[in-house]
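This report refers to the structure that appears directly beneath it.
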Amino acid sequence: MTSITKNLQDEQATIELGIELSLWVSAPLVIYLTGDLGAGKTTLSRGLIQSLGHEGNVKSPTYTLVEPYELKDMEVFHFDLYRLLDPEELEYMGIRDYFTEKSISIVEWPDRGHGLLPAADLAIHLKYQGEQRQVEITGLTPSGQFIVNKLK
Numbered sequence: 017m018t019s020i021t022k023n024l025q026d027e028q029a030t031i032e033l034g035i036e037l038s039l040w041v042s043a044p045l046v047i048y049l050t051g052d053l054g055a056g057k058t059t060l061s062r063g064l065i066q067s068l069g070h071e072g073n074v075k076s077p078t079y080t081l082v083e084p085y086e087l088k089d090m091e092v093f094h095f096d097l098y099r100l101l102d103p104e105e106l107e108y109m110g111i112r113d114y115f116t117e118k119s120i121s122i123v124e125w126p127d128r129g130h131g132l133l134p135a136a137d138l139a140i141h142l143k144y145q146g147e148q149r150q151v152e153i154t155g156l157t158p159s160g161q162f163i164v165n166k167l168k
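Residues 17 to 168, numbered by the working numbering, are exactly what the sequence shown covers, in order.
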């Protein structure tokens with residue numbers, strides 16, 4: 017496992033990290049985003065998704081569980097499992113159909129879908145550091161490790 021830690025001074029720095037990630041990600045890829053409420057998971061996702069080519073708003077999928085984005089060469093699925101009461105709910109929504117060779121899946125609160133989600137290639141943990149945020153990015157597969165090495 018390869019990992020790096022970065023300090024993010026503000027919301028713009030979090031968006032810029034998403035932009036930087038967009039230079040190196042490619043399908044298929046599964047990204048787990050963890051951290052406390054308000055730590056910047058959706059902000060990071062917005063920077064990444066818009067940098068990959070989505071021109072509209074990127075809203076938090078807190079109530080819908082997933083927001084799909086059809087891009088030129090890939091699909092991006094942004095999951096927020098915070099309100100998930102039982103992982104079995106994912107079965108009813110056809111969770112396995114989202115993880116394809118053409119998709120990048122960003123999963124906030126992945127622990128709530130334990131046992132039904134594929135393993136992550138990249139684990140990103142955001143935490144408060146005073147008024148700032150600190151992010152730890154860990155590559156869990158060869159493709160995840162490639163991304164971490166490019167971010168160093």
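Built from N, CA and C at the ideal position, the CB exists for glycine as well.
Rounded distance between the beta-carbons of residue j and residue i, thought under 8 Å
i, j, result
"Pro-44", "Glu-91", "Incorrect: roughly 10 Å between the Cβ atoms, too far for contact."
"Ile-178", "Val-41", "Nothing about residue 178 can be read from this structure; the chain reaches only from 17 to 168."
"Leu-60", "Leu-53", "That belief does not hold up - the Cβ atoms of Leu-60 and Leu-53 are roughly 14 Å apart, past 8 Å."
"Ile-47", "Ile-122", "5 Å"
"Tyr-79", "Arg-62", "Their Cβ separation, rounded to whole angstroms, is 17 Å, which puts Tyr-79 and Arg-62 out of contact at 8 Å."
Boundaries of the alpha helix (DSSP H) in which residue i is found, first to last residue
i, result
"Asn-165", "158-167"
"Ser-61", "57-67"
"Leu-106", "104-108"
"Ala-29", "27-38"
Three-state class that DSSP yields for residue i in the structure shown
i, result
"Gln-150", "strand"
"Tyr-114", "helix"
"Gly-72", "coil"
"Gly-131", "coil"
"Gly-54", "coil"
Beta strand (DSSP E) segment containing residue i, residue limits
i, result
"Ser-121", "119-124"
"Leu-100", "Counting along the chain, Leu-100 falls outside any beta strand (DSSP E), and DSSP gives it neither H nor E."
"Lys-22", "18-24"
"Leu-138", "138-145"
Between the stretch 101-115 and the stretch 64-78, are three or more C-beta pairs nearer than 8 Å? Verdict: no, contact absent.
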